[in-house]
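There are 2 protein chains.
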Amino acid sequence: MDVLQLPVSDEPVDDVAGPRHGATVNFIVERLRDAIVSGRLKLGARLVEGELTAEFRVSRGPVREALRRLAADGLIELVPHRGAIVRRLTRREIAELFQIRLELESLAARLAAADGDAARRRRFAADIAPIFEDRPRRVADYLCENAKFHEAVYALGNNEQLKVLAGRLQLPLIMAQVGNILTSDVLDLSVTEHRTIAAAILEGDPERAHAAMRTHLSRAAEMADAERGAEDC
Amino acid sequence: MDVLQLPVSDEPVDDVAGPRHGATVNFIVERLRDAIVSGRLKLGARLVEGELTAEFRVSRGPVREALRRLAADGLIELVPHRGAIVRRLTRREIAELFQIRLELESLAARLAAADGDAARRRRFAADIAPIFEDRPRRVADYLCENAKFHEAVYALGNNEQLKVLAGRLQLPLIMAQVGNILTSDVLDLSVTEHRTIAAAILEGDPERAHAAMRTHLSRAAEMADAERGAEDC
DNA sequence: CTACGAGGATTGTAGGACAATATCAGAGCC
DNA sequence: GGCTCTGATATTGTCCTACAATCCTCGTAG
C-alpha cells in the first residue's frame, strides 16, 4: 500500500514524514484526501491506524486526528473497532448533495452578480478567463477548470460562510465517482453553460446568473443520477 | 470553573467522568456544547486542555478530539499554542449564516410540503403540535419550540444531507448571541409565522411553504442584524 | 450444521515525556 | 520614562507505551 507515497521520494526516509512542527496532521489529511479523490485509494478500502502510522512514520495521535477530519468531511467512514473505510456515496446521497448545491451555488451566483467591488470583479474575470478559451479539453482539464470556476463564483459572492460550507459538500468526491460520464459532448455543453453564467455575473444581472446556475446544476444532477442509476442500486 | 459540572453530582467522583467505553469524547462534546450555548461559558472564555482533563477526569486524547469537533462546528476557535476560546460571531458572520439558512431551510420547507409519505406527515403533525397551542410563551419555551419546529421541517423534507448540513449552521449559538431581542411581541409574530409555514406544508403547497419560510427567516435575519448593529461593530 | 468460545485485530483511553511555540514579566539600554 | 531583548512560563503538538473494550474470525464441540 504505497499509494500514499509522494511521486518522488528517494530522499532519506524521514523526509517522507510531516514537514514542520504543527503541520503533521495537515500533511496527513492532504495526502489521504488526495489519494482518495484521485482514486488511488479505492472505494471501500480500509484505512487502519496501525498501517498509517507505519506509512507516514508518525504516531497514532496525528493519524487519528486526520481520520476524524476526513470523516467530518465525509470522505471516509469511521467504523468503531473496525477502522475507517473510503466512503462510497449512494445514489441518494449524491442526489441530495446536488439538491443542496443547487441552492447554495445559485445563491452564490446571485451574490456574485450583485457584488460591486471592482477589485474582486477584476479578480473574478482573471480567474475565470480560461473558460472562454476555445481549445480542446480533456476530462482532467475540465475538472480543474470547473473547480476553479465554481470557486471563483463563491469568492466573488463574498460570503465566507457560504464558501466554507460549500467546501464540505464533497464535490471532488462526487466528481471522482461520476466522472466517467464526461464525454466530449457533455463537456462542451458544460463549458457553454459556464460561459452563460459568467456573462450574467459580469454584466451584473443577479437573477439571470441565479437562473443560469440553476439550469447548469440541474442538468448536471440529472446526468449524475442517470449514470449512477445505470451502474448500481 | 465548575460551569461544566452536571447540575447534581453528589455521587462518587468517578461518576462525573465519561459513561461507557467509546462515549467519552461525545460526553465531553455535549457538556461543552451545552455550557457554551447556555452561556455558562462566556464569549471569549479560554478552554485549556489541562484544565479540561482535570475537570472531566479524562486524558488529553479525548479532550483534544472534543475540542477539534467543537471547532469544526464553529463553536470555539483553536489558537495554536494558546488554547481554544469560545467564539463570538461577528455581525457579518451572523448575516452570512442567515443568508445561507434562508436558502437551505426554504428548500427544506418546499421538500416537506411536497413529501407524500403518510407516516412522515403524521409524525410531522405530531411534532409541531405545540406551535398551535395558545399559551403564553417564555423565551426559553420559544427557543425550544422553535428548534423543534425547524427540525421537524428538515425531517419531513427527507434530505439527510440537508439535515446534517443545517446542523452545522450553529443556530443555537446564534440564538444564544441574539436571544435578548426576543420581546413578547416578536415572539408572538414568530409563532404566527410558524403556523403559516406549517399550514402550507400540511396542505401540501410547496411554493407557499417556500415563500412563507423565506419571509420568516428574512425578518428574523433583519432583526438579528439590527440588534447586533446596536450593540457592537 | 450450528452454537459457542478462544484468540487476534483494532480502536478507545490513559498517562507520561519532550519539543515547539506563544505570552508575559522584568532587566537593561536609550 | 519608554523601548527592546531575554528568560521564564504556559500551552499545545507530537511521540511513546500500555492496557481495556470491542468486534471479527475461526476452530471446536454438540
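Going down the list, the protein sequences come from chains A and B. Under the numbering used here, read the first sequence as residues 4 to 236, first letter to last. Under the numbering used here, read the second sequence as residues 4 to 236, first letter to last. The beta carbon of each residue, even a glycine, is placed where N, CA and C say it ideally should be.
For the beta strand (DSSP E) that contains A/V82, what are its first and last residues? Element bounds for A/V82: I79 to V82.
Report yes if the CB atom of B/F127 is closer than 8 Å to the CB atom of B/L159, and no otherwise. In contact: B/F127 and B/L159 (Cβ atoms closer than 8 Å).
Can you list, in chain order, the residues of its chain with a C-beta nearer than 6 Å to that of A/H213? Leave out the 5 residues immediately preceding and following it. Residues of the same chain with a CB within less than 6 Å of the CB of A/H213, apart from the 5 flanking positions on each side, are S109, A112 and R113 in chain order.
Taking only beta carbons into account, state which residues of the segment 153–179 of chain B come closer than 7 Å to chain A, listed in chain order. The segment 153–179 of chain B vs chain A, Cβ under 7 Å: N162, E163, Q164, L165 and L168.
Measure from the C-beta of B/C236 to each C-beta in chain A and report whether the shortest distance is under 8 Å. Confidence in B/C236 is poor, its pLDDT being 41 and thus under 50, which makes the residue's placement too unreliable to answer from.
What residues in its chain sit with their C-beta under 6 Å from that of B/D130, if we drop five residues either side in the sequence? Excluding residues within five positions, the ones whose Cβ falls inside 6 Å are A155.
Interface residues of chain B around A/E68 at Cβ under 9 Å? Residues of chain B passing the Cβ test: R67, E68 and R71.
Using a Cβ cut-off of 8 Å (strictly closer), state whether B/P209 contacts chain A. It does not: the Cβ of B/P209 has no partner Cβ on chain A nearer than 8 Å.
Do A/L50 and A/I79 come within 8 Å of each other at the CB atom, strictly closer than that value? A contact, by the Cβ cut-off of 8 Å.
Just checking, does the segment 90–105 of chain A make contact with the segment 177–187 of chain A on the three C-beta pairs under 8 Å criterion? Yes, the segment 90–105 of chain A touches the segment 177–187 of chain A.
Could you work out which residue in B/R125, B/E230 and B/H153 is closest to B/M216 when comparing CA atoms only? For B/M216, the nearest C-alpha among the options comes from B/H153.
Determine the contact status of B/A132 and B/D208, defining contact as a CB-CB distance below 8 Å. Taking 8 Å as the Cβ cut-off, B/A132 and B/D208 do not qualify as a contacting pair.
Compare the C-alpha of A/D144 against each of A/R43, A/L190, A/P83 and A/V89 and name the closest. Nearest of A/R43, A/L190, A/P83 and A/V89 to A/D144, Cα basis: A/L190.
Do the CB positions of A/G176 and A/V40 come within less than 8 Å of each other? A small correction: the amino acid at residue 176 of chain A is Leu; Gly does not occupy that position in the sequence shown. For A/L176 and A/V40, yes; Cβs fall inside 8 Å.
What span of residues does the beta strand (DSSP E) with A/G86 cover, start to end? Element bounds for A/G86: G86 to V89.
Applying the 10 Å Cβ sphere with the 16-neighbour rule, what's the burial state of B/E210? An exposed status is given to B/E210, since fewer than 16 other beta-carbon atoms sit within 10 Å of its beta-carbon.
Going straight from the alpha carbon of A/L172 to that of A/G86, what length do you get? Their backbone Cα atoms lie some 23 Å apart in a straight line.
With a threshold of 7 Å on Cβ separation, who are the neighbours of A/R23 within its own chain once the five nearest residues in sequence on each side are excluded? Once the five neighbours on either side are set aside, A/R23 has no close Cβ partner at all.
Can you pull the chain A neighbours of B/A75, defined as C-beta to C-beta under 7 Å? The answer, in chain order, is A75.
Considering only their Cβ atoms, is the gap separating B/L73 from B/L35 smaller than 8 Å? Yes, they are a contact pair.
Assigned secondary structure, B/D17 (DSSP; H/G/I helix, E/B strand, else coil): Low confidence applies here, because B/D17 scores a pLDDT of 34, under 50, leaving its location unreliable; read the following figure in that light. In the displayed model, B/D17 falls within a helix according to three-state DSSP.
Could you pull out every residue in the same chain whose Cβ sits closer than 8 Å to the Cβ of B/A48, ignoring the five residues on either side in sequence? Scanning its chain for C-beta atoms nearer than 8 Å, with the 5 sequence neighbours on each side dropped, one finds around B/A48 the residues I88 and V89, in chain order.
When the Cα atoms are used, what is the spatial distance from A/G42 to A/A26? So the two alpha carbons sit approximately 24 Å from each other.
Residues of chain B with CB closer than 7 Å to the CB of A/E96, please, in chain order. Scanning chain B for C-beta atoms nearer than 7 Å to the C-beta of A/E96 yields Q164, reported in chain order.
State the Cα-Cα distance for the pair B/L92 and B/L70, rounded to the nearest angstrom. Rounded to whole angstroms, the separation of the alpha carbons of B/L70 and B/L92 is 18 Å.
Under 8 Å between the Cβ atoms of B/E52 and B/V66? Yes. Within cutoff.
What does the Cβ neighbour count give for A/T194, buried or exposed, with the cut at 16 atoms within 10 Å? The sequence shown places Val at residue 194 of chain A, rather than the Thr named in the question. Buried, since its Cβ has 16 or more Cβ neighbours within 10 Å.
Quick check: the Cα distance between B/R222 and A/E196, rounded to an integer number of angstroms? Across the structure, B/R222 and A/E196 are spaced so that their CA atoms are roughly 34 Å apart.
According to a CB-to-CB cut-off of less than 7 Å, which residues of the segment 22–41 of chain B neighbour chain A? Contacts with chain A (Cβ-Cβ distance below 7 Å) from the segment 22–41 of chain B involve G25, listed in chain order.
So, at 6 Å on beta carbons, what are the nonlocal neighbours of B/D228 in its own chain, with the 5 sequence-adjacent residues on each side left out? Cβ within range, chain order: A98.
Within 8 Å of any Cβ in chain A, is that where the Cβ of B/E148 sits? Under the 8 Å criterion on CB atoms, B/E148 is classed as non-interfacial with respect to chain A.
Would you verify that the beta carbon of A/H219 is, or is not, closer than 8 Å to some beta carbon of chain B? Taking Cβ atoms only, chain B never reaches closer than 8 Å to A/H219, which makes this a no.
Closer than 7 Å, Cβ to any Cβ of chain B: which residues of the segment 102–127 of chain A, in chain order? Correct list: Q102, I103, E106, L107 and L110.
So who's on the other strand from A/L50, going by DSSP bridges? The secondary-structure analysis by DSSP pairs A/L50 across a beta bridge with A/A87.
Would you mind telling me which residues of chain A sit closer than 7 Å to B/E99, beta carbon to beta carbon, in chain order? Residues of chain A passing the Cβ test: N162, E163, Q164 and L165.
Chain-ordered chain B contacts of A/P83 [CB-CB under 7 Å]: Residues of chain B with a Cβ closer than 7 Å to the Cβ of A/P83 are, in chain order, G25.
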